[in-house]
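**Student:**
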Ligand code: SF4
Ligand code: SF4
Ligand code: SF4
């Protein structure tokens, strides 16, 4: 099935790509004259170059723009154009790692479809004198991708930083196997703002990335190498924390507002630093054991807009009803008598309305038995948990 | 380019003196070519793409047989400390300015003759040495040029320059839009060499469309202005930028009114109480030309 879906997808994207100039977003407006719905390839309403929001192709072995740096090639030989230079050995992996934070593969492989990665030369003409001058030729396309960062970082446009002239004694620059050091993620950042009713904003960086599933790019969209490198206008690598950059109030708020648009200012602006996100204090419902380990999105479908969920077990766990629940999955197979009981008969909590099951405490036998208690006595037999 | 010999010049000068009283400025400047043809060419300079490598400066010198030196030597960024203007030794120069949006990313602006749609230099030239061609370029004929330097004064971009340092037969020089190259189907040398294709050569009308499209697509990157689309009535070279190039002082702040009108009114202002401009042109031309010849022969001795 996967293959079929992907086949259809790939074919339709190809059709779109081939007719791009004519039919794909013909006048800058969303829509296509092909019978391909935008949502066939894009997840958002208004795809842009910065955020094409392409859906992932479900075919596993295909290399798409959704690949990690390591899945892509290590080095690439750029030899489509012949001139006075030797082919360039481009350290693809290192560069992919560098751009992983601010846009990933799509940073360079822009306008790529949801299908396989297209080579630059598939769209960019090798000839400068050509019919379609609306997009740069191949040489310019290569150079524009490289020089923007290289120049900003090194303040140089020296050709030799990538190129070796023909006839040079060295035939290639060693780029194979190099890795960009892992970018260190701060746990929290405390901002002192000039908002009088709450000067302090504590931003739990790791909560946002690990718990709430925020992607690096959603905030670091415009960050490139110079965010960490060359922070003082000299060619150095600052290994610690990037230079503080001054942003306007609206620039600061912009990434937050993607999710917090409807929140009160006091949600973030307080008079002292706060602790990390805590489900109990924020929502009144404590996460315990299994729930604690889940990603937010496992329960809250729309992580851009968290809404209160019904915390009745059955609202998510449809099979948590008497007769349907396979108790042996917990490691204890109920005997025939106990199988008949409601969950709340053993799993009860005094603060819950009568009969409602609660699992924070250990099971209670006293409802029926005066002389039994768990775990000394068991309402069945222990079995091995088979993890799927 | 066609030559004009001494005899034919005397002829035209004589003719002019004969019609001294009645002639108007317009009758002197005939424009037989369809100089504003729909498919006249232009160059779109994207200053947000230009990296200031100055390769264009080198290529321009090479094709125009000017001393160019080694391409590697153009890596030298110290030239950006001062604002330069095109002159007789460099028909195009690239300058650097502060970027209002990204401090660490200065912008570079290449300047050369803009190849105006209504060129002031053509209007000002009293011997008709300058002409606007159908392919958009504004060129001049060295053999006709008498070195009066009216074009230099008239040009709103201060482009034409005079070989002051040349003792023998100094000439007016400026970017000729690589007229000899484009005639052969080649690209202008600067366009050909630009590593990032910050210079796009194509029909002016198409370039404007492309520029508009870019502005629409990347509103953060560009300001909503195509420099040269309307300045002095439009120019063949067009500029896209992330900031106001006139405010940056990279290019002059100009009105959309055509420059020749401006230059004409200056001349009329000066000459209104004397003789009609055309007659004065002819007279001046004659004197200049004689002077030039005298100088030449004395240098030859
Ligand atoms: S820029 Fe100056 S020299 Fe060039 S065409 Fe215009 S007026 Fe003439
Ligand atoms: S068009 Fe030709 S003459 Fe003009 S700047 Fe470019 S290379 Fe020089
Ligand atoms: S060659 Fe291109 S990139 Fe280099 S300075 Fe000239 S216009 Fe700018």
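Residue numbers (the working numbering), protein chains in the order written: chain V, 2 to 389; chain W, 468 to 768. Backbone N, C-alpha and C fix where the C-beta goes; we use that ideal spot for every residue, glycine too. In this text the structure is predicted, and so the values were computed from the model without any measurement.
#1: My output table needs one value for residue 369 of chain V: the three-state DSSP class, helix, strand or coil.
#2: List the residues of chain V whose Cβ lies closer than 7 Å to the Cβ of residue 516 of chain W, in chain order.
#3: For a minimum of 3 consecutive residues, which ranges assigned as the beta strand (DSSP E) are wholly contained in the stretch 550-629 of chain W?
#4: Answer yes or no: does any C-beta atom of chain W fall closer than 7 Å to that of residue 137 of chain V?
#5: Is the closest heavy atom of ligand 4 to the C-beta of residue 521 of chain W under 6 Å?
#6: Please confirm whether residue 282 of chain V has its beta-carbon closer than 7 Å to some beta-carbon of chain A.
#7: Please decide whether residue 158 of chain V counts as near chain W, where near means a Cβ-Cβ distance under 7 Å.
#8: Does any CB atom of chain V fall closer than 7 Å to the CB of residue 662 of chain W?
#9: Under 8 Å: do the stretch 166-178 of chain V and the stretch 79-90 of chain V share three or more Cβ pairs, one atom per stretch?
#10: So if I threshold CB-CB distances at 7 Å, which residues from the stretch 245-271 of chain V count as touching chain W?
#11: Among V:371, V:321, V:164, V:157, whose alpha-carbon lies nearest the alpha-carbon of residue 545 of chain W?
#12: Interface residues of chain V around residue 502 of chain W at Cβ under 8 Å?
#13: Please classify residue 64 of chain V: is it buried, with 16 or more other beta-carbons within 10 angstroms of its beta-carbon, or exposed?
#14: With C-beta atoms as the reference, is residue 271 of chain V less than 7 Å away from residue 199 of chain V?
#15: Hey, does residue 385 of chain V have any beta-carbon neighbour from chain W nearer than 7 Å?
#16: So for residue 639 of chain W, helix, strand or coil by DSSP?
#17: According to the neighbour-count rule (16 or more other Cβ atoms, all chains shown, within 10 Å of its Cβ), is residue 318 of chain V buried or exposed?
#18: Taking only runs of the beta strand (DSSP E) that begin and end inside the stretch 188-213 of chain V, which ones reach a length of at least 3 residues, in chain order?
#19: Out of W:638, W:693, W:581, W:559, state which residue places its alpha-carbon closest to the alpha-carbon of residue 603 of chain W.
#20: Looking at the structure shown, is residue 358 of chain V part of a helix, part of a strand, or coil, going by DSSP?
#21: Out of curiosity, what's the CA-to-CA distance linking residue 209 of chain V and residue 252 of chain V?
#22: Along chain V, in chain order, which residues have C-beta atoms closer than 7 Å to that of residue 520 of chain W?
#23: Select from the stretch 161-174 of chain V all residues with a C-beta closer than 7 Å to any C-beta belonging to chain W, and list them in chain order.
#24: Using a Cβ cut-off of 7 Å (strictly closer), state whether residue 141 of chain V contacts chain W.
#25: Whose C-alpha, out of W:515, W:543, W:638, is nearest the C-alpha of residue 524 of chain W?
#26: Taking CB distances under 7 Å as the criterion, tell me whether residue 237 of chain V reaches chain W.
#27: Please state whether DSSP places residue 166 of chain V in a helix, a strand or coil.
#28: Look up residue 1 of chain V in the DSSP assignment and say whether it is helix, strand or coil.
#29: Any heavy atom of ligand 3 closer than 6 Å to the CB of residue 666 of chain W?
#30: If we ignore side chains and look at the alpha-carbon of each, how far apart do residue 248 of chain V and residue 254 of chain V end up?
#31: Apply the 10 Å Cβ neighbour rule to residue 775 of chain W and answer buried if 16 or more other Cβ atoms are within range, or exposed otherwise.
#32: Would you report the Cα separation of residue 274 of chain V and residue 287 of chain V, rounded to the nearest angstrom?
#33: Looking only at DSSP bridge pairs, what is residue 668 of chain W linked to?
#34: For residue 729 of chain W, name the three-state secondary structure that DSSP assigns.
#35: In angstroms with no decimal places, state the Cα-to-Cα distance between residue 110 of chain V and residue 365 of chain V.
#36: Sort V:269, V:257, V:260 by Cα distance to residue 196 of chain V and report the nearest one.
**Tutor:** Here's the rundown:
#1: Walking along the first chain from the start, residue 369 of chain V turns up at place 368. In this structure, residue 369 of chain V counts as coil in the three-state DSSP scheme.
#2: For this step, residue 516 of chain W is matched to residue 49 along the second chain. 145, listed in chain order.
#3: 560-564, 574-578, 597-599, 605-607
#4: Here residue 137 of chain V refers to the residue found at position 136 of the first chain. Chain W contact via Cβ: present.
#5: Inclusion of ligand 4 in the displayed structure is not the case, the ligand content consisting of ligand 1, ligand 2 and ligand 3 alone.
#6: Within the model displayed, chain A is absent; protein chains V and W are what it includes.
#7: For this step, residue 158 of chain V is matched to residue 157 along the first chain. So, interface residue.
#8: Taking the first residue of the second chain as position 1, residue 662 of chain W is located at position 195. For residue 662 of chain W, the answer is yes, since a Cβ of chain V falls inside 7 Å of its Cβ.
#9: yes
#10: none
#11: The sequence position of residue 545 of chain W within the second chain is 78, counting from 1. Closest option to residue 545 of chain W, Cα to Cα, is V:157.
#12: By 1-based counting over the second chain, the position of residue 502 of chain W is 35. In chain order: nothing, as chain V lies at least about 23 Å away.
#13: Numbered from 1 along the first chain, position 63 holds the residue referred to as residue 64 of chain V. Exposed: under 16 other Cβ atoms inside 10 Å.
#14: The residue you call residue 271 of chain V lines up with position 270 of the first chain. The residue you call residue 199 of chain V lines up with position 198 of the first chain. Cβ distance < 7 Å, so residue 271 of chain V and residue 199 of chain V count as in contact.
#15: The residue you call residue 385 of chain V lines up with position 384 of the first chain. It does not; no Cβ of chain W falls within 7 Å.
#16: Looking up residue 639 of chain W in the second chain gives position 172. Three-state result, residue 639 of chain W: strand.
#17: To locate residue 318 of chain V, count along the first chain from 1; it is residue 317. By the neighbour-count rule (16 or more Cβ atoms within 10 Å), residue 318 of chain V is not buried but exposed.
#18: 189-193, 201-205
#19: Here residue 603 of chain W refers to the residue found at position 136 when the second chain is read from its first residue. Residue 603 of chain W has its Cα closest to that of W:581, out of W:638, W:693, W:581, W:559.
#20: Residue mapping note: residue 358 of chain V aligns to position 357 of the first chain, counting from 1. Looking at residue 358 of chain V - three-state DSSP - the assignment turns out to be strand.
#21: Mapped onto the first chain, residue 209 of chain V falls at position 208. Mapped onto the first chain, residue 252 of chain V falls at position 251. If you take the alpha carbons of residue 209 of chain V and residue 252 of chain V, they lie about 18 Å apart.
#22: Here residue 520 of chain W corresponds to residue number 53 of the second chain, with the count starting at 1. Here the neighbours are 158.
#23: none
#24: Mapped onto the first chain, residue 141 of chain V falls at position 140. Cβ-Cβ to chain W under 7 Å: yes for residue 141 of chain V.
#25: Along the second chain, read from residue 1 onward, the residue named residue 524 of chain W stands at position 57. Of the candidates W:515, W:543, W:638, the one whose C-alpha sits nearest the C-alpha of residue 524 of chain W is W:543.
#26: Within the first chain, residue 237 of chain V is the residue found at index 236, counting from 1. Annotation note: pLDDT 45 at residue 237 of chain V (below 50); position unreliable, coordinate value reported separately. Answer no: the Cβ-Cβ gap between residue 237 of chain V and chain W never drops below 7 Å.
#27: The sequence position of residue 166 of chain V within the first chain is 165, counting from 1. Residue state, collapsed to three classes: strand.
#28: Coverage of chain V is limited to positions 2 through 389, which leaves residue 1 of chain V absent and any answer about it impossible.
#29: Taking the second chain and counting its residues from 1, one reaches residue 666 of chain W at position 199. Yes, the beta carbon of residue 666 of chain W sits closer than 6 Å to at least one heavy atom of ligand 3.
#30: Along the first chain, read from residue 1 onward, the residue named residue 248 of chain V stands at position 247. Along the first chain, read from residue 1 onward, the residue named residue 254 of chain V stands at position 253. Spanning the two alpha carbons is a distance of roughly 10 Å.
#31: The shown model of chain W, from 468 to 768, leaves out residue 775 of chain W, and the question about it has no answer.
#32: Here residue 274 of chain V refers to the residue found at position 273 when the first chain is read from its first residue. Here residue 287 of chain V refers to the residue found at position 286 when the first chain is read from its first residue. Taking the straight line joining both Cα atoms gives about 22 Å.
#33: In the second chain, the residue the question calls residue 668 of chain W occupies position 201. For residue 668 of chain W, which the question treats as bridged, DSSP gives the partners W:510.
#34: Within the second chain, residue 729 of chain W is the residue found at index 262, counting from 1. Unreliable positioning characterises residue 729 of chain W in this predicted model, as indicated by a pLDDT of 44, which lies under 50. A coordinate reading is not provided.
#35: As a working mapping, residue 110 of chain V is identified with position 109 in the first chain. As a working mapping, residue 365 of chain V is identified with position 364 in the first chain. Distance between the alpha carbons of residue 110 of chain V and residue 365 of chain V: 60 Å.
#36: Numbered from 1 along the first chain, position 195 holds the residue referred to as residue 196 of chain V. Selected option, being the one with the closest Cα: V:269.
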